[in-house]
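*Asks:* So the protein lines, in turn, are chains A and B.
Quick note on the working numbering: the first sequence kicks off at 1 and runs consecutively.
Quick note on the working numbering: the second sequence kicks off at 1001 and runs consecutively.
C-beta: ideal position from N, C-alpha, C; glycine also.
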Amino acid sequence: MTTYSQEREVNDSPAFQATQVYQVFIKSTPEQIWEAITTPDFTRRYFHGARITVTPESYRSLGPDDSVWGDAQVLEFDPPRRLAHGWDSLYSAELAAEPTSRVTWEIEPQEGGYCLLTVTHDELENSPKTAQSVSGTGWIMVLSGLKTLLETGQPLVA
Amino acid sequence: MISAMDEDGDDDRVFKALADPTRRHLLDRLFERGGRSLTELESELRMTRFGVMKHLRVLEEAGLVVARRSGREKLHYLNAVPIRLIHDRWIDKYTEPRVAALSDLKSRLEEQP
């Protein structure tokens, strides 16, 4: 017996997610997580090889071949709790042509030495290709890699 | 809201949450499009509002659904990170290409008429 309706949904749903929310518990301190998301020596080990530098003003990301993957404004800078920055997928000409979207990182300390890290990628309403490219394994790989790196000291994928 | 616990406790909650067709259906709906309210999710299910709420709570406790407040509404989003962590636990970087090749082969064979 099925408990849910068999009716097909009217085709009102876009094939992309304009707001995406990802969460993971990490056994680490807010300060360590903050460092891991704002310094290139950490980010290259879990963020698709990108070396990311975040200052109160700017977010810059360099690919392994030194090409510019991201160069955006920092919108909120509140270490070690909250960071928001613009997102332009400069690693792809097709994606880079879409409007800038927004990424917000929130770090909330929990009991037992854990923190809850929430990443919200939104303002993607007019950037369907970017939305598709970062969803699925995109952010999921970044967050599972970050957790593994902070909890074991080892990058997940060499 | 989930409280942080050991790895096995986390995995238990994920497997239990997935061991129910209604909850898997809710995840499928949120995979198609996130940011849905309880009212919207409820309208697609032959179930009471309370029943849907209970299922959503199990999914939230397993970390598979994240609820965010937006004005008067609570919007629900799929969070597949816990599933990825289960994947990472048993499928390491050496075996993954082989497993991927096998699952590719399986889907190609199954696609044939």
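Establish whether the CB of B/A1080 and some CB of chain E are separated by less than 8 Å.
*Replies:* In the displayed structure, chain E is absent; the protein chains listed are A and B.
*Asks:* How would you list, in chain order, the residues of chain B whose beta-carbon sits under 7 Å from the beta-carbon of A/L95?
*Replies:* Translated into positions along the first sequence, residue 95 of chain A becomes position 95. Residues of chain B passing the Cβ test: none, with the nearest at roughly 20 Å.
*Asks:* Would you say A/T148 lies against chain B (beta-carbon separation less than 8 Å)?
*Replies:* Here residue 148 of chain A is taken as the residue at index 148 of the first sequence, counted from 1. So yes, A/T148 belongs to the interface.
*Asks:* What residues in the segment 1050-1072 of chain B have a beta carbon less than 7 Å from any beta carbon of chain A?
*Replies:* Under the 7 Å Cβ criterion, the segment 1050-1072 of chain B contributes G1063, V1066 and R1068.
*Asks:* Given that A/Q23 touches chain B, what residues does it touch there, using C-beta distances under 7 Å?
*Replies:* Position 23 of the first sequence holds residue 23 of chain A. Chain B residues near A/Q23: G1063, V1066, N1079 and V1081.
*Asks:* Taking 8 Å as the cut-off, does the segment 1013-1024 of chain B touch the segment 1045-1065 of chain B (at least 3 CB pairs, one atom from each stretch)?
*Replies:* Yes, the segment 1045-1065 of chain B is in contact with the segment 1013-1024 of chain B.
*Asks:* Counting only beta-carbon separations shorter than 8 Å, does A/L83 have a partner in chain B?
*Replies:* As a first step, residue 83 of chain A is located in the first sequence; it is residue number 83 there, counting from the start. A/L83 does not count as touching chain B.
*Asks:* What are the partner residues of B/Y1077, as DSSP defines its beta bridges?
*Replies:* If you number the second sequence from 1, residue 1077 of chain B lands on position 77. Paired residues: B/V1066.
*Asks:* By Cβ distance below 7 Å, which residues in the same chain neighbour A/L116 in space, the five residues on each side in sequence not counted?
*Replies:* Within the first sequence, residue 116 of chain A is the residue found at index 116, counting from 1. Here the set comprises Q23, F25, E108 and Q110.
*Asks:* If you follow the beta strand (DSSP E) that A/Q17 is in, where does it begin and where does it stop?
*Replies:* Indexing the first sequence from 1 puts residue 17 of chain A at position 17. Segment: none, A/Q17 is in no beta strand (DSSP E) and carries neither H nor E.
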